[in-house]
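First residue of the sequence shown? That's 230 in the numbering used here, and the numbers climb one at a time after it.
Even glycine gets a Cβ: it sits at the ideal position worked out from N, Cα and C.
Below is one structure, written out as structure tokens; comments come after it.
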Amino acid sequence: ALAATLAASREALDGLRTTLPPARLGEAARLVHGASRVLVVGAGLSQPVVADAAYRLRAVGRAVDAPTDPLTAQLSAGLLTDSSVCLAVSHTGATRSTVDAARRARLQGAAVLALTSYVRSPLTETSDCVLVAGGQDLVLGLEAVASRLAHLAVIDALVQTLLDLGGDEARRALDVSAEVTAEHSY
Numbered sequence: 230a231l232a233a234t235l236a237a238s239r240e241a242l243d244g245l246r247t248t249l250p251p252a253r254l255g256e257a258a259r260l261v262h263g264a265s266r267v268l269v270v271g272a273g274l275s276q277p278v279v280a281d282a283a284y285r286l287r288a289v290g291r292a293v294d295a296p297t298d299p300l301t302a303q304l305s306a307g308l309l310t311d312s313s314v315c316l317a318v319s320h321t322g323a324t325r326s327t328v329d330a331a332r333r334a335r336l337q338g339a340a341v342l343a344l345t346s347y348v349r350s351p352l353t354e355t356s357d358c359v360l361v362a363g364g365q366d367l368v369l370g371l372e373a374v375a376s377r378l379a380h381l382a383v384i385d386a387l388v389q390t391l392l393d394l395g396g397d398e399a400r401r402a403l404d405v406s407a408e409v410t411a412e413h414s415y
């Protein structure tokens with residue numbers, strides 16, 4: 230079981246070289262960097278990726294909201310503006326609450342950035358920029374583990390790109406994040 234999980238994870242991570250061109254990552258980073266506010270949405274097994282993305286984006290100075298409740302996500306999406314970005318995370322790109330929040334954000338004029346494992350889905354149809362990452366569908370749900378690892382790797386790369394774009398301001402925010410983390414350690 231461990232060998233199969235590791236193989237699926239390795240395949241998903243290695244696949245990023247072909248599914249995520251550097252130019253697309255740069256486009257996504259520019260959208261987030263230019264946003265006055267970022268709403269991160271996702272449900273189910275995508276929720277840990279959403280929480281990680283929100284924390285990391287906040288750590289480089291982005292104003293972020295990442296509600297865990299789907300109704301709150303809908304409300305937050307409905308309050309976005311044309312200077313906002315909605316980052317929607319969904320392995321399948323078909324999770325109703327995530328797609329509905331992305332559609333509502335789009336209706337408000339916000340840019341929609343999708344992080345998904347599938348090129349064609351309801352989520353990608355409503356998105357301005359699509360980041361495709363994830364493994365092939367395998368038996369027993371192994372794709373969920375592999376796709377989450379790939380999605381986390383994309384978030385790491387996005388934040389690193391934002392750190393480069395954000396210059397001194399982003400580095401100051403990262404320093405505050407490091408300080409807060411240190412204060413909460415023994």
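Collapsing the DSSP output to three states places A323 in coil. When beta bridges are read from the DSSP output, R266 appears opposite S313. Residue environment: S313 is assigned as buried (16 or more neighbouring CB atoms within 10 Å of its CB, all protein chains considered).
Here G290 is buried, its C-beta having at least 16 other C-beta atoms within 10 Å. A Cβ-Cβ distance of about 7 Å is found for the pair V328 and T355, placing them in contact under the 8 Å criterion. For T345, the enclosing beta strand (DSSP E) starts and ends at A340 to T345. Taking C-beta atoms as the reference points, G363 and A236 fail to come closer than 8 Å.
In this structure, the straight-line span from the alpha carbon of T297 to that of S326 is close to 11 Å. Around the beta carbon of D404, a 10 Å sphere encloses fewer than 16 other beta carbons of the protein chains shown; the residue is thus reported as exposed.
In terms of Cα proximity to T321, the closest of A343, T301 and R239 is A343. In the DSSP annotation of this structure, the continuous segment of the beta strand (DSSP E) that includes V361 starts and ends at C358 to V361. Here G395 has H262, V289, G290 and A402 as same chain residues with Cβ atoms under 8 Å from its own Cβ, once five neighbours each way along the sequence are excluded.
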